[in-house]
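Only one structure is covered here, and it is reproduced in the block below.
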Amino acid sequence: MLDYLLALIFGFCFGWLLQKAGLTKYSKIVNVFRFTDLAVLKFMMSALVVGMIGLYGLQALGVITLMKITPTYVVGNLVGGLIFGVGMALAGF
Amino acid sequence: MNAIIRALRKEEWSPIWSGAGLGIVAVLIVALSHQAIGASGSFENIGGLILKAVAPDLVEKNLYFKFVMPPGITWQVILLVGAFFGAFAASKLSDTFKLDPVPDPQWKRVFGPSRWKRWVAAFVGGIILEYGAGIAGGCTSGLAIAGGIALAPAAFIFIAGMFVSGIVTAMILYGSKF
Chain A
7 MLDYLLALIF GFCFGWLLQK AGLTKYSKIV NVFRFTDLAV LKFMMSALVV GMIGLYGLQA
67 LGVITLMKIT PTYVVGNLVG GLIFGVGMAL AGF
Chain B
256 MNAIIRALRK EEWSPIWSGA GLGIVAVLIV ALSHQAIGAS GSFENIGGLI LKAVAPDLVE
316 KNLYFKFVMP PGITWQVILL VGAFFGAFAA SKLSDTFKLD PVPDPQWKRV FGPSRWKRWV
376 AAFVGGIILE YGAGIAGGCT SGLAIAGGIA LAPAAFIFIA GMFVSGIVTA MILYGSKF
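If you're matching them up, the sequences are chains A and B in order.
When you read off a place in the first sequence, starting at 1, and then add 6, the result is the number in our numbering.
When you read off a place in the second sequence, starting at 1, and then add 255, the result is the number in our numbering.
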């Protein structure tokens with residue numbers, strides 16, 4: 007129950023931040039591929055940097071003991087990414 | 256207090272600060288829920304659930320639904336429900352919430368005001384996007400962010416692929432307007 011409550015709260019923050027950053031707009035998503043608005047890139051890089059420091063910091067402090075690292079399948083990740091980009095530029099989501 | 260209310264009602268936040276916020280949320284999800292942030296997987300969970308109701312045999316025999324994305328109301332589906340309310344609250348508070356069949360001025364300028372054109376593009380694009388996410392093992396949130404913060408090579412290969420094809424697709428779609 008608490009698990010689902012946390013999911014709702016985290017989800018709320020997730021949606022809130024995407025909306026406030028303007029990433030729910032078609033133009034914001036497409037324009038990163040046209041190099042006219044780099045909001046998506048700024049958002050992603052900022053999230054990655056903060057997340058990396060936070061995650062490995064908490065692990066060093068012993069707060070996080072079990073960290074699942076997504077397995078790498080070079081071909082799958084690359085081909086999937088290439089297909090994903092086509093959909094993203096077309097739909098703008 | 257007034258400053259906080261003003262900030263909450265502001266239409267747009269800096270993507271750098273919002274991104275930093277998402278980074279914190281992604282870490283808290285790992286630390287407190289032992290889960291990973293994600294979005295595209297939820298659609299597959301729900302899709303599997305619908306397919307199971309229509310054709311249970313198909314789901315039973317399908318390796319993808321069996322091992323990778325089991326159908327059901329998963330933790331990530333609840334996360335997505337939360338995201339819906341979060342985005343709704345954010346747009347309501349800044350008074351920018353509206354229903355519009357062709358919502359984007361840029362789309363209208365480049366591809367015209369036809370709502371069918373926009374809806375078909377969104378629908379077909381959504382299918383391609385979900386299919387790619389299925390092969391790669393995640394989307395911008397589930398693989399690029401959740402994997403990236405754990406320094407998984409998969410995330411960075413995915414980001415590279417996504418930008419290469421995204422740029423090429425945008426070039427083709429926009430033509431001389433790129």
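Heads up, the beta-carbon is just placed ideally off N, CA and C, and yes, glycines get one too.
All figures in this text were calculated on a predicted structure; none of them were measured in a lab.
| Item | Value |
| --- | --- |
| Nearest neighbour of B/A294, chosen from B/V332, B/G403, B/V309 and B/M324 [CA to CA] | B/V332 |
| Outcome for B/F339 when other beta-carbon atoms lying within 10 angstroms are tallied against a minimum of 16 | exposed |
| Cα-Cα separation, B/L313 to B/E385 | 19 angstroms |
| Contact check, B/D350 vs A/K31, beta carbons under 8 angstroms | no |
| N- and C-terminal bounds of the alpha helix (DSSP H) containing A/L100 | For chain A, the structure presents residues 7 to 99; residue 100 of chain A sits outside this window and is missing. |
| Distance, B/A401 Cα to A/F49 Cα | 14 angstroms |
| Partner residues on chain A for B/E267, Cβ-Cβ distance less than 8 angstroms | K26, A27 and G28 |
| Proximity below 8 angstroms, CB of B/G381 to CB of A/F99 | yes |
| Cutoff 8 angstroms: A/T71 Cβ touching any chain B Cβ | no |
| Under the three-state DSSP convention, the category A/K34 falls into | helix |
| Test: A/L14 CB closer than 8 angstroms to a CB of chain B | yes |
| Alpha-carbon spacing of B/N257 relative to A/R40, whole angstroms | 38 angstroms |
| Nearest residue (CA-CA) to B/V365, options A/L29, A/Q25 and A/V36 | A/V36 |
| Any C-beta of chain A under 8 angstroms from that of B/M324 | no |
| Integer-rounded CB distance, given that B/I383 should sit under 8 angstroms from A/V56 | So it is not a contact: roughly 30 angstroms between Cβ atoms. |
| Closer than 8 angstroms at the beta carbon, the chain A residues around B/L283 | F16 |
| Three-state class that DSSP yields for B/P326 in the structure shown | coil |
| Same chain, Cβ closer than 8 angstroms to B/K372, neighbours up to 5 away in sequence not counted | F366 |
| Residue burial classification, B/S369 (beta-carbon count within 10 angstroms, cutoff 16) | exposed |
| 8 angstroms Cβ cutoff, A/A66 in contact with chain B | no |
| Where B/A407 sits in the DSSP three-state scheme | coil |
| Cutoff 8 angstroms; reference A/S33; Cβ partners in own chain excluding five residues on either side | D43 and G98 |
| A/Q65, enclosing alpha helix (DSSP H) - first and last residue | A45 to A66 |
| Below-8 angstroms beta-carbon distance, B/D350 vs any chain A residue | no |
| CB of B/L277 within 8 angstroms of CB of A/F20, strictly | yes |
| Close-in-space but distant-in-sequence residues of the same chain around B/S288 (CB under 8 angstroms, 5 per side omitted) | W330 |
| C-alpha distance - A/I59 paired with B/A405, whole-angstrom precision | 10 angstroms |
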